[in-house]
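Chains as they are written, first to last, in our numbering: chain A, 8 to 292; chain B, -9 to 313.
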């Protein structure tokens, strides 16, 4: 019924006016985007201005000057590498722990499984500063303060509940027959998981990995609280301390900020599909 | 549910049947089943242990710490004697706690209202079909993906009273151009809220946009045919259908706003004169600046309590939705 009345009625009158209206919406969308992204534009603009003009920054960089980037790279380059190492380590820990758990919770029907899923949802709501508060003294006792491994573990905690929830909601839909077929063929539980389940769950693994990377890369709180020396200093902590030390040198601070925002921009362009899936899937399901 | 009770009932029945042949059989069904269950738990155990260590332990530890006397020397001597309710009394009698609590409430309500309204408006806007819709929609996510500390520092530059671009822009269009955005006690909290709204818009927009996609188009068309205005259709048809998604967005927004730390530290460090101090920053200040972990734990426990109330709320919504 609905379709028969719709097909002749709807497109005909709309088609006459649509092109004009559609571009009007695009113009409005571009304006909205420009307003939303202005702070990020301003960050790049300030980073490219020659030092002298920093008191009165022009709307566009007239003489492009990379000295801000040069000093940001010499002073913060090591911190960028630290961030990269810590974030990659956190992703590895996060996926190694959450992928098997997501599979188990999705497919094994164990007693208490529901309680664990419930607990996972709750952990997402524990304020990070509370964790840091208690973790600090435990880290002191265990000698994990100022260590790469300690920070990777803490940063992995930002992604693990999210990754379990996200991957589980995907793995629930893997047909049981597929898994049983693999086991009938003689594959053990672990081989079935590695060779059948993981490849089938590729998209959710990528999404979970992407988000745990972004969480770890953006982490500031654990970096700030679990490090008392300069041994392990991610870029977020580096920029924060930078601004305390050289408030006058905005060019370098902004250049370092641009460099720290690059992963977000690159990941967004390369994998928008996964990012949109992660934001909606991880939070609603 | 029925399958778990069935498998739970199975073991007691198993051994009786297997008893007779148990001696000759190398593996009886009961121990085989137990081994299988054990192997299955092997997949989940690492995650359970990790979460117990990184979420369960801190929750318990924080409660214990709030009754202990920590001082900077504690970390050398290892001694943190119990001191009853001293920490709690100290925190509550200090006017700063009440101030931080009130500012947390203002910050949370202000941020949520702004993020949600603008996010919803943009989500509705993007349900229209127009060229470049997809690209514009995904680029708008950028502010949400950039590390929060970095956003805070960029805005700190924009807000600068004398050399910031915001005041110089306001001056150009003929408005008062000397607002001390971050340096006056009256404006600082408003400014921090504005930045947090900016950060939260993409998240609200994406989730609400997803929710809007689920609302059947036929319903809106039917309402339009009945002569309902666009606004009326939105209010009476779209919004009620969107309610579960709206609840999730607001609860998640609440959870991430109430514990805010990064942004405030980057923008104002809690100042000027504690005018942007929130429960999150107060926990940090107590523990990691004054090295009084007992006092930090007290504020942290309050923060957990507030979060717990909303966690229960969230889980109820989540469960009802799953059914």
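Every residue, glycine too, gets a C-beta built ideally from N, C-alpha and C.
All of these numbers come straight from a predicted model, not from anything done at the bench.
Asked                                                                                                                     : Found
Chain B within 8 Å of residue 86 of chain A, Cβ atoms only                                                                : no
Within chain A, partners of residue 286 of chain B - CB distance below 7 Å                                                : 140
7 Å Cβ shell around residue 264 of chain B - same chain, five flanking residues per side excluded                         : 86 and 89
Inside the stretch 184 to 264 of chain A only - alpha helix (DSSP H) runs reaching at least 4 residues                    : 196 to 199, 209 to 225, 228 to 232 and 242 to 252
Sheet register partners of residue 72 of chain B (DSSP bridge)                                                            : B:58
Cβ shell of residue 237 of chain B (< 7 Å), same chain only, five flanking positions each side left out                   : 307
Distance CB(residue 101 of chain B)-CB(residue 194 of chain B) smaller than 8 Å                                           : no
Cα-Cα separation between residue 136 of chain B and residue 37 of chain A, rounded to whole angstroms                     : 20 Å
Integer Cβ distance of residue 249 of chain A from residue 260 of chain A, believed to fall under 8 Å                     : 6 Å
Inter-residue spacing [alpha-carbon to alpha-carbon] between residue -5 of chain B and residue 116 of chain A             : For residue -5 of chain B, the predicted structure reports a pLDDT of 38, less than 50, and the residue's modelled location is therefore unreliable. The matter cannot be settled from this model.
Beta strand (DSSP E) runs contained entirely in the stretch 210 to 241 of chain B, provided each spans 3 or more residues : none
Contact belief for residue 144 of chain B with residue 30 of chain A at Cβ below 8 Å, rounded distance in angstroms       : Contact doesn't hold; Cβ gap of about 32 Å is too wide.
CB contact check: residue 48 of chain A to chain B, cutoff 8 Å                                                            : no
Residue from A:109, A:76, A:70 and A:54 with nearest C-alpha to residue 34 of chain B                                     : A:109
Spatial distance of residue 115 of chain B from residue 221 of chain B (CA atoms)                                         : 13 Å
N- and C-terminal bounds of the alpha helix (DSSP H) containing residue 148 of chain A                                    : 135 to 149
Closer than 8 Å to chain C by CB, residue 31 of chain B                                                                   : Protein chains A and B are contained in the structure displayed, whereas chain C is not.
C-beta atoms of residue 224 of chain A and residue 92 of chain A nearer than 8 Å                                          : no
Chain A contact for residue 279 of chain B (CB, 8 Å cutoff)                                                               : no
Alpha-carbon spacing of residue 102 of chain A relative to residue 183 of chain A, whole angstroms                        : 23 Å
Check whether residue 277 of chain A and residue 161 of chain A have beta carbons under 8 Å apart                         : no
Cross-chain neighbours of residue 123 of chain A in chain B, by beta carbon under 7 Å                                     : 34 and 38
Inter-residue Cα distance where the pair is residue 191 of chain B and residue 214 of chain B                             : 29 Å
Spatially closest choice to residue 190 of chain A from A:178, A:177, A:180 and A:204, by CA coordinates                  : A:204
Minimum Cβ-Cβ distance from residue 218 of chain B to chain A less than 8 Å                                               : no
Proximity below 8 Å, CB of residue 285 of chain B to CB of residue 140 of chain B                                         : no
Limits of the alpha helix (DSSP H) - the one that residue 70 of chain A falls within                                      : Segment: none, residue 70 of chain A is in no alpha helix (DSSP H) and carries neither H nor E.
Residue 178 of chain B versus residue 188 of chain B - alpha carbon distance                                              : 16 Å
Run of the alpha helix (DSSP H) containing residue 21 of chain B, from where it starts to where it stops                  : 19 to 41
Secondary structure of residue 175 of chain B, DSSP reduced to three states                                               : coil
Integer-rounded CB distance, given that residue 215 of chain A should sit under 8 Å from residue 165 of chain A           : Contact doesn't hold; Cβ gap of about 12 Å is too wide.
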